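Enquirer: Order-wise, the sequence lines are chains A and B. Counted the way the working numbering counts, the first sequence spans residues 1 to 416. Counted the way the working numbering counts, the second sequence spans residues 1 to 149. No residue lacks a Cβ here, since even glycine has one placed at the ideal position from N, Cα and C. For clarity, every value in this text was computed on a predicted model and none was experimentally measured. Just dropping this structure here.
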Amino acid sequence: MLWVALATAIMLLSGELSREADDGATLALLLGALRKSTIQDVADAPRRAAALRAIASFERGLEAYRRQLATFKACITAADQKYAATRADYDACRGPLEAERASLRASLVTAQNEYEAAVTEDERARVAESVMALPEAHLLDPVRASEGHQPVPTRSRGLEGAMSERHSTLPRNAVAIMYGPISSATFGQRFPSRIIDGGTSYAHLDRTLADATGVPANLWNMRGGARVGMFDDFEAGALFMPLQLGPKFHYDPVLIFFTQQFRFQSFDLAFRASFQTPGDTGWAIAPGAFLSFPGPRLALRAGAILPMEVGTLGHKISPIVGLNVPLRVTWNVLPSWFLLADSGVAYDRLREQGGLEVPLGFGTGYTMLAGSKVIDFSASFSWDHWLVPAPAQGSAQLHWAAYRVALGASLYFQAL
Amino acid sequence: MASPLLMLFRRALVGVGAVLGVAACSARPPPRLSVDLSARATAKAGVVPLVVSDRVRAQRLRAIYLEVVTLGRELDRARVDALAHCRAAPQRPLSGAAASDPIGSGAFECLIAPPLAESHAALDRYTQLMLEARTLLTQREFEKLARMR
């Protein structure tokens, strides 16, 4: 049974039982245990030496097979990289591997015969018992290996190309270095005291709005960060370089976010929890739900977010609660070039009457492939306080003189 | 009090550290063949439209790469099934003591090298798909996609 299990382990090595586990290391560990147990349990020195020789000859055969397996993989990779490759190039990769498999089979059978001839039945039982007691040995049982077979990933782990086709979270193991506006992570990141987006931005407020909100009339910001697809539909990230460049230089709070996505046939539902490290109004949190409809040319994304600024333990404030319902339409004119329009409704401070606003924004971007990385160059222009339909005093107002311009670039790559 | 530049540098370090930390935590040992093939195809599938502007060619290419991913999974499953089959049904039915002998019964040989028909068929299909992909790509497009992985 022990040798049958070891034979199974060889198949693990060829890569089909378990996709990602380090079976080579596991097998080496089991062979080490087999050798150790043989030394301990086989009392007679000549028989012990014969048994150890059998193990060593098996290891040599196995090593040769593993080398050939690596050669085979390299051969297929080389053919894949060659534009002029033909069927003959692929077929040529197989021959040596088949021969090595046959050789390994022979060496394993020989080793088993030699080993079993060298040890008694009792010794063999003790050795088998101690090796199979190792937790790693469960990999050698095909039935258990089959049961424990890793679930098929439900999402491609490659980078997503066209902007309108992208989902709310990055694929697993994809990383984005964000230094550009209009990414999904900053979609709807509007807090009562500040609006957050990546890249370099300039925001201008007219005097009325500047006085009402306490935000400087001319504000320069630079925000950069990173996000990572940690699982197929879960990402985490942060804008950890949030600088206010003018009118006075200082560090803004860091924005941290976690997004869990649920993909359906034609739409995605995502839940995002964002929070900011303490600023003038303490901690800020913004739980939100998002619905998006990705498509080859056109995408629609909407959200409902409840941003709150809640003070700190040392500096308690009455929580400032807002409501933000952003809406975005993205149109990929070409796979590499997109236009987008942003709107929705925002109520930055629910306690204050007449604070409902309708923002309006536009953006564009160019996506390019640079080696194995994807880069988005993006720019946006928005009137964050464009329409105030029912102010506390007077009639509806349009704020054309309060605008924000942002631009930057984001880089995407596969971490593994 | 730390200078703004120093603080900026520290924050950058923290950020880079966080990204590397996350990447390191999810690090796994080097993948094997079926995983390699799938990973190469997966890396290309999403970005095909950025390289191939013609929609029809881009769609077919994406379908090819996705089929390679499926092929990798099928290969995995076929080998698991083959191994389970080896344990359950010896290749050469024997009677008496020979039946309990894993070598004599052929079970041992089957376990070491289970029938490779599925592997051969999968590799044939893979070759066929890769050759078809070449007919849909110019050399420049091919080289751009090849750089993905």
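Just to check my reading of the structure: G408 (chain A) and Y179 (chain A) have Cβ atoms closer than 8 Å, yes? What is that Cβ distance to the nearest angstrom?
Expert: Going by Cβ atoms, the distance from G408 (chain A) to Y179 (chain A) rounds to 5 Å, so yes, they are a contact pair.
Enquirer: Could you give the distance in angstroms between the alpha-carbon of L323 (chain A) and the alpha-carbon of L71 (chain B)?
Expert: The alpha-carbon atoms of L323 (chain A) and L71 (chain B) are separated by roughly 47 Å.
Enquirer: Looking at the unbroken alpha helix (DSSP H) that takes in S156 (chain A), where does it start and where does it end?
Expert: It is not in any alpha helix (DSSP H) - S156 (chain A) carries neither H nor E in the DSSP assignment.
Enquirer: Which partner residues of F275 (chain A) appear in the DSSP bridge assignment?
Expert: Its beta-bridge partners are A:I256 and A:I285.
Enquirer: Residues bridged to S382 (chain A) by DSSP?
Expert: Bridge partners of S382 (chain A): A:G361 and A:R404.
Enquirer: My parser needs the beta strand (DSSP E) runs of 3 or more residues fully inside the stretch 210 to 248 of chain A; what are they?
Expert: Here the runs fully enclosed are 218 to 231 and 234 to 246.
Enquirer: Tell me whether G61 (chain A) sits in a helix, a strand or coil according to DSSP, three-state version.
Expert: Helix at G61 (chain A).
Enquirer: Check for me: the beta strand (DSSP E) holding E309 (chain A) runs from which residue to which?
Expert: Segment M308 to G311, the beta strand (DSSP E) holding E309 (chain A).
Enquirer: Within the 8 Å Cβ cut-off, does E143 (chain B) reach chain A?
Expert: Closer than 8 Å to some Cβ of chain A, the Cβ of E143 (chain B) qualifies, so yes.
Enquirer: Near E43 (chain B), which residues of its chain fall below 7 Å by C-beta distance, leaving aside the five closest residues on each side in sequence?
Expert: A quick correction: the sequence has Ala, not Glu, at residue 43 (chain B). Contacts found: M148 and R149.
Enquirer: So, does the CB of Y90 (chain A) fall closer than 8 Å to a CB anywhere in chain B?
Expert: Output row for Y90 (chain A): interface = yes.
Enquirer: Between the alpha carbons of E309 (chain A) and I196 (chain A), how many angstroms are there, rounded?
Expert: About 14 Å.
Enquirer: Name the residue from A:A125, A:F58 and A:Q397 whose alpha carbon lies nearest to the alpha carbon of T110 (chain A).
Expert: Of A:A125, A:F58 and A:Q397, the residue nearest in Cα terms is A:F58.
Enquirer: Helix, strand or coil: which one does DSSP assign to Q91 (chain B)?
Expert: Interpretation of Q91 (chain B) is limited by its pLDDT of 49, a score under 50 that renders its predicted location unreliable; the figure taken from the coordinates is listed afterwards. It is coil, neither helix nor strand.
Enquirer: When we look at the beta-carbon of H120 (chain B) and count the other beta-carbons within 10 Å, is it buried (16 or more) or exposed?
Expert: Exposed, by the Cβ-count rule.
Enquirer: Measuring alpha carbon to alpha carbon, tell me which residue in B:D81, B:D36, B:A122 and B:L61 is nearest L136 (chain B).
Expert: Among B:D81, B:D36, B:A122 and B:L61, the Cα nearest to that of L136 (chain B) belongs to B:L61.
Enquirer: How many angstroms separate the CA atom of M368 (chain A) from the CA atom of V374 (chain A)?
Expert: Each residue's Cα considered, the two are about 6 Å apart.
Enquirer: Output, in chain order, the set of chain A residues within a Cβ distance shorter than 9 Å of D36 (chain B).
Expert: Residues of chain A passing the Cβ test: G15, K73, I76 and T77.
Enquirer: Nearest chain B C-beta to R19 (chain A) closer than 8 Å, yes or no?
Expert: Since pLDDT at R19 (chain A) reaches only 39, below the 50 mark, its modelled position is unreliable, and no value is offered.
Enquirer: Are the Cβ atoms of L327 (chain A) and A302 (chain A) separated by less than 8 Å?
Expert: Yes; because the gap between Cβ atoms is below 8 Å, this pair is in contact.
Enquirer: Any beta carbon from chain B within less than 8 Å of A162 (chain A)'s own beta carbon?
Expert: It does: the Cβ of A162 (chain A) has a partner Cβ on chain B nearer than 8 Å.
Enquirer: Going along the stretch 332 to 352 of chain A in order, which residues come within less than 9 Å of chain B, judged by CB to CB distance?
Expert: So the close ones are N332, L334, P335 and S336.
Enquirer: Give the secondary structure of P96 (chain A) by DSSP, where H, G and I count as helix, E and B as strand, and everything else as coil.
Expert: P96 (chain A) falls in the helix class under three-state DSSP.
Enquirer: Any beta-carbon of chain A closer than 8 Å to the one on T135 (chain B)?
Expert: For T135 (chain B), the answer is no, since every Cβ of chain A falls outside 8 Å of its Cβ.
Enquirer: What residue from A:R35, A:R60 and A:G61 has the CA that sits closest to A49 (chain A)'s CA?
Expert: When each option's Cα is compared against that of A49 (chain A), the closest is A:R35.
Enquirer: Helix, strand or coil: how does DSSP classify P135 (chain A) here?
Expert: Helix, per DSSP.
Enquirer: From which residue to which residue does the beta strand (DSSP E) around A415 (chain A) run?
Expert: From DSSP, A415 (chain A) is part of no beta strand (DSSP E); its letter is neither H nor E.
Enquirer: Cβ of V68 (chain B) less than 8 Å from any chain A Cβ?
Expert: Closer than 8 Å: no.
Enquirer: Taking any Cβ of chain A, which residues in the stretch 41 to 53 of chain B have a Cβ under 9 Å from it, in chain order?
Expert: Of all residues in the stretch 41 to 53 of chain B, A41, T42, A43, K44, A45, G46, V47, V48, P49, L50, V51, V52 and S53 have a Cβ within less than 9 Å of some Cβ in chain A.
Enquirer: Inspect the CB distances between the stretch 130 to 146 of chain B and the stretch 78 to 98 of chain A and report whether three or more fall short of 8 Å.
Expert: Yes, since at least three Cβ pairs between the stretch 130 to 146 of chain B and the stretch 78 to 98 of chain A fall closer than 8 Å, the two stretches touch.
Enquirer: So the candidates are A:W337, A:L298 and A:S274; which of them puts its Cα closest to the Cα of L306 (chain A)?
Expert: Here the closest residue by C-alpha is A:S274.
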